[in-house]
Amino acid sequence: MLVALKKAQPLTTKELGALFGVTPNALRRHLKELEIEGVVRYQREIRGVGGPVFAFSLTEVGERLFPRAYDSALNEVLELVRQQFGSDGVIDLFRKRWADIAEKAKPELARLPLNQRAERLAELLTTLGYMAEAPGEEGATLRENNCAIRAVIERFPEICVAEKSFLEEVLGAHVTRQSHIAAGANCCEYCIHPSDPAGTAAAEPDSLVQIGPSRLGAPALQETP
Numbered sequence: 112m113l114v115a116l117k118k119a120q121p122l123t124t125k126e127l128g129a130l131f132g133v134t135p136n137a138l139r140r141h142l143k144e145l146e147i148e149g150v151v152r153y154q155r156e157i158r159g160v161g162g163p164v165f166a167f168s169l170t171e172v173g174e175r176l177f178p179r180a181y182d183s184a185l186n187e188v189l190e191l192v193r194q195q196f197g198s199d200g201v202i203d204l205f206r207k208r209w210a211d212i213a214e215k216a217k218p219e220l221a222r223l224p225l226n227q228r229a230e231r232l233a234e235l236l237t238t239l240g241y242m243a244e245a246p247g248e249e250g251a252t253l254r255e256n257n258c259a260i261r262a263v264i265e266r267f268p269e270i271c272v273a274e275k276s277f278l279e280e281v282l283g284a285h286v287t288r289q290s291h292i293a294a295g296a297n298c299c300e301y302c303i304h305p306s307d308p309a310g311t312a313a314a315e316p317d318s319l320v321q322i323g324p325s326r327l328g329a330p331a332l333q334e335t336p
C-alpha cells in the first residue's frame, strides 16, 4: 500500500481498493493503523461533483521509508572539495556551517551560567539529530549519543575539529573530547573546562588527546585540545 501511495499519492480508499481488489472498508482499518504510526495522513479534497473525499498520502516519516542518497551525494561533493582545496577546504565548509548555528545560539546562551549553557546546548544539538545530553549538576560533560552525519565522518573524520571549535565558542569554555564515535566509541563525550577568573581555560594534565584507532576504517586522529 505504501508503494502504491508513493507512486500515485494522494489516493482515496476507493482508488486504493481498486488497485488491490478489495473494498474501501477493508482498507480503512489498515490505513488507520498507518496513520497512528505517523506513516500516512489524509486530507479532504473536492473532486468534481459531489461531496469532499478523504485522500491519503505519505508523511515525511513514510517518505523516509524509501531509499534516499543524501549521504552518498554529500560525500561525493565533499570529495570534490577535498580534491580541489584539500582537507582544509572540507573543514572550512563545516566551520561555516557551525558558525551559522553559533551566531543564532550565542545571544541566548550568553545570558546563562555554564551548566545551563551546556544543558541548553544539548537541547539544541538534539534538534539537529545528535541525541545530546549534559549529565551532572555542574554541566561539566556534554555527551552526543548519536552522530547525525556518521556516514560523512566515516570518510572525513577531520571535520570533527569544526564541531569541537563550535562547542568552545558557544560554551565560552575549553573542551576536550574523551570519546569519539569515529574512533569506535558509542558516543562523543566532551569534558567542559570552565574558565578561571582571569578568563583563561583551566590547565589540563595532557596537552595531546589521542583519538584512535578507528573501527570505521578512518585513520586515528591526534588533536591539540
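Numbering (my numbering), first residue to last: 112 to 336. A virtual CB, placed ideally from N, CA and C, is assigned to each residue, including glycine. All values derive from a computational prediction rather than experimental measurement.
Can you give me the Cβ contacts of residue i inside the same chain, cut-off strictly under 6 Å, excluding the 5 residues immediately before and after it?
i	result
T123	V164, A166
R254	E244, C298, E300
Please determine, among the options, the residue with the shortest C-alpha to C-alpha distance to residue i.
i	options	result
L235	P246, I212, N226, G283	I212
G197	D182, R155, F267	F267
L145	T287, E174, A119	E174
Y301	P246, E265, H141	P246
A129	M112, E244, E230	M112
T252	E269, A284, W209	A284
F177	Q195, E279, L116	L116
A180	A262, R288, G162	A262
Would you say residue i faces chain C, with C-beta separation under 7 Å as the test?
i	result
R206	Included in the structure is just one protein chain, with no chain C present.
Over what stretch of residues does the beta strand (DSSP E) that includes residue i continue unbroken?
i	result
F167	164-169
C271	Unbroken run through C271 is the alpha helix (DSSP H), 271-282; no beta strand (DSSP E).
R288	285-290
I147	Careful: I147 lies outside any beta strand (DSSP E), inside the alpha helix (DSSP H) at 135-147.
V160	Per DSSP, V160 belongs to no beta strand (DSSP E) and is neither H nor E.
Which residue comes first and which comes last in the alpha helix (DSSP H) that contains residue i?
i	result
R193	181-220
Can you list, in chain order, the residues of its chain with a C-beta nearer than 7 Å to that of residue i? Leave out the 5 residues immediately preceding and following it.
i	result
V281	A213, A216, K217, L220, L232
L239	A259
R158	V164
T311	In this predicted model, T311 has a pLDDT of only 42, less than 50, meaning its place in the structure is not dependable; the value taken from the coordinates is given anyway. Answer for T311: no residue qualifies.
Anyone know if the C-beta pair for residue i and residue j falls short of 7 Å?
i	j	result
A273	R193	no
A293	I264	yes
P121	S168	yes
R155	T170	no
Y241	N257	yes
V172	V150	yes
F131	W209	no
I303	V286	yes
Near residue i, what residues of its chain come up, given a Cβ to Cβ distance below 8 Å and the 5 sequence neighbours on each side ignored?
i	result
V114	none
R139	T124
T134	G128
E190	R266
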